[in-house]
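>
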Amino acid sequence: MEGSRFLLPLRPLSFRNYRLFFLGQLISLMGTWMQSVAQQWLVYRLTGSAALLGLVGFLSQIPMLLLTPFGGVIADRFPKRNIVVVTQTLFMLLAFAFAFLTLTNHIRVWHIPLLAFLFGVVNAADVPARQSLVPELVPREVLLNAIALNSAMFNLARIVGPAIAGLMVAAFGEGWCFFANAVSYLAVIIGLLMMDLPNDYTAPTTSPLKHLLEGFHFVVQTSPIREILMLLGLVSVMGMSYTVLMPIFADRILHVGPKGLGILMAASGMGALTGALVLAMKRGIRGLGKRVAFGAVGFGISLILFSQSRSFLLSVLILAPVGFCMVTQMTSANTLVQTFSPDELRGRVMSVYAMMFMGMAPFGSLLAGSLAHWLGAPTAVALGGLSCVIGGLLFARKLPQLRAATRQLRSRASDNGL
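Numbering (the numbering used here), first residue to last: 1151 to 1568.
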């Protein structure tokens, strides 16, 4: 596999533990996307309320901001595989509860935001442990390829899962999507239990509060990680929220309806999948800092162009680079943060990563909705894109200083430059 650059994306799959992780996650993520689509449709079918759709989304995401730091502490105090087995089991039980209530016609409107919130709480513990588990499954020299392959897997599921969900909801109803998602967690749990991982884990003796503060202190004091996460938070709030406004573009601006909306989202997903595969062919971390900057700037420019398009075909074409640049920035940032994080701090550092990437999303959605209400959806998306461009250029300006700082982290990195 070493001889061909095009085989690099497959290199992580040569390691049995990662292969089990990858296959289980691929199945489970398809189920997760199926549930997401079915849940939105169920809310709309029962209430017709856009406000409740927003509330459910908010409640499912806000635990990522409030509780993820504690999830990071847990990830660094206990074996990560054990944590993920527990969280995936809880996800499965919640999905079975969703399926039972829906299939027996006992579902009530208040059940949906409650279950969405509980999924969010479990996710706050799952994400730091699952993200920081990956470096334990592959050697450091193929970490970038493994993280990029994870991103490709996520975006493949994002394309396939909703398509299956649409067919299942139309033919059988939402409940069977929830049931399929519940069953899909078995693939992850079985894969985790089949892994051959060392058991020489030593629990830290420091207090949980001190452990928590230690993680934040490391992020604040380590300038490359700090700057990467600040840019990530900016892009998450100002740029990623464009997806919230996509129904408005499909309906009122491009006049293509729900089928057109699906095509628009698929175009972004295909671009993201391509971006992940391109990164998966890269060797080492050198040059990833430039890709973080390029991704943010390219993402912002693409959003500005999309906001001005009134042609459906042109919009589809523009959304491909939107997805490509988004994944380029996010995956490069993930790899650098993982690379420069000590093993004993990895869970807590990745919890801050999750806070900036996913925890800020609810506020980005609220801001995008408010700007769209007062200024219109195109202006809201354009302002978000402009913010990403400015943030990316400022990050690029700081790259020489950040490269110097990374030399102090050589002992934790396999390469010495951004």
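Ideal Cβ placement from N, Cα and C applies to all residues, glycine included.
In or out: Asn1566 buried (at least 16 other Cβ within 10 Å) or exposed?
Locating residue 1566 in the sequence shown gives position 416, counting from the first residue. Confidence at Asn1566 is low in this model, with a pLDDT of 41, below 50, so the placement of that residue should be treated as unreliable; the coordinate-derived value is given next. So Asn1566 counts as exposed.
> Do you know offhand how far Leu1533's Cα is from Arg1161's?
Within the sequence shown, numbered from 1, the residue matching residue 1533 stands at position 383. Within the sequence shown, numbered from 1, the residue matching residue 1161 stands at position 11. Taking the straight line from one Cα to the other gives about 40 Å.
> Using the C-alpha atoms, what's the distance from Pro1229 back to Arg1496?
As a working note, residue 1496 is residue 346 in the sequence shown. As a working note, residue 1229 is residue 79 in the sequence shown. Using only the alpha carbons, I get a separation of about 12 Å.
> Starting from the C-beta of Leu1549, find all residues in its chain whose C-beta is less than 8 Å away, skip the five residues before and the five after it, and write them out in chain order.
The sequence position of residue 1549 within the sequence shown is 399, counting from 1. For Leu1549, where only same-chain residues beyond five positions count, the Cβ hits under 8 Å are Gly1439, Lys1440, Ala1443 and Leu1568.
> Quick one: grab the DSSP three-state call for Val1272.
Translated into the one-based positions of the sequence shown, residue 1272 becomes position 122. Reduced to three states, the DSSP call for Val1272 is helix.
> Can you check the region 1505 to 1537 for any alpha helix (DSSP H) of at least 4 residues that lies completely inside it and give the ranges in chain order?
Entirely contained in the region 1505 to 1537, the alpha helix (DSSP H) runs reaching 4 residues are, in chain order, 1511 to 1525.
> At which residues does the alpha helix (DSSP H) containing Phe1328 begin and terminate?
Translated into the one-based positions of the sequence shown, residue 1328 becomes position 178. Element bounds for Phe1328: Gly1325 to Met1344.
> With contact counted as at least three CB pairs below 8 Å, one residue from each stretch, are the region 1214 to 1223 and the region 1289 to 1303 in contact?
No, because fewer than three Cβ pairs between the region 1214 to 1223 and the region 1289 to 1303 fall closer than 8 Å, the two stretches do not touch.
> Please classify Met1318: does DSSP put it in a helix, a strand, or coil?
Here the question's residue 1318 lines up with position 168 in the sequence shown. Three-state DSSP puts Met1318 in a helix.
> Within a Cβ cutoff of 6 Å, which residues of the same chain sit near Gly1153, ignoring the five residues on either side of it in sequence?
Here residue 1153 is taken as the residue at index 3 of the sequence shown, counted from 1. Annotation note: pLDDT 47 at Gly1153 (below 50); position unreliable, no value reported.
> Given a cut-off of 9 Å on the beta-carbon distance, is the pair Pro1278 and Arg1498 in contact?
For the purposes of this step, residue 1278 is taken as the residue at position 128 of the sequence shown. For the purposes of this step, residue 1498 is taken as the residue at position 348 of the sequence shown. Yes. Within cutoff.
> Could you tell me the boundaries of the alpha helix (DSSP H) in which Val1284 lies?
If you number the sequence shown from 1, residue 1284 lands on position 134. Careful: Val1284 lies outside any alpha helix (DSSP H) and carries neither H nor E.
> So for Ile1435, helix, strand or coil by DSSP?
The residue given as residue 1435 occupies position 285 in the sequence shown. Residue state, collapsed to three classes: coil.
> Evaluate His1361 with the Cβ neighbour count: other Cβ atoms within 10 Å of its Cβ, from every protein chain shown; 16 or more gives buried, anything less gives exposed.
Taking the first residue of the sequence shown as 1, we reach residue 1361 at position 211. His1361 is buried by the Cβ-count criterion.
> I need the boundaries of the alpha helix (DSSP H) containing Trp1183, first residue and last residue.
Sequence index remark: in the sequence shown, residue 1183 carries index 33 (1-based). Arg1166 to Thr1197 is the span of the alpha helix (DSSP H), which, as asked, contains Trp1183.
> Could you have a look at Pro1397 and say whether DSSP puts it in helix, strand or coil?
For the purposes of this step, residue 1397 is taken as residue 247 along the sequence shown, with counting starting at 1. Three-state DSSP puts Pro1397 in a helix.
> With a threshold of 7 Å on Cβ separation, who are the neighbours of Thr1481 within its own chain once the five nearest residues in sequence on each side are excluded?
As a working note, residue 1481 is residue 331 in the sequence shown. Ile1297, Ala1298, Ser1301, Ala1426 and Leu1429, listed in sequence order.
> Does Ile1378 pass the burial test, meaning 16 or more other C-beta atoms within 10 Å, or should it be called exposed?
Translated into the one-based positions of the sequence shown, residue 1378 becomes position 228. Its Cβ being crowded by 16 or more others within 10 Å, Ile1378 is buried.
> Please check the pair Gly1419 and Asn1305, which I expect to be a contact at CB under 8 Å, by giving their CB distance rounded to whole angstroms.
In the sequence shown, counting from the first residue as 1, residue 1419 sits at position 269. In the sequence shown, counting from the first residue as 1, residue 1305 sits at position 155. At roughly 5 Å, the Cβ-Cβ gap stays under 8 Å, so Gly1419 and Asn1305 are in contact.
> In the structure shown, what three-state DSSP assignment does Ile1257 receive?
Here residue 1257 corresponds to residue number 107 of the sequence shown, with the count starting at 1. Coil, per DSSP.
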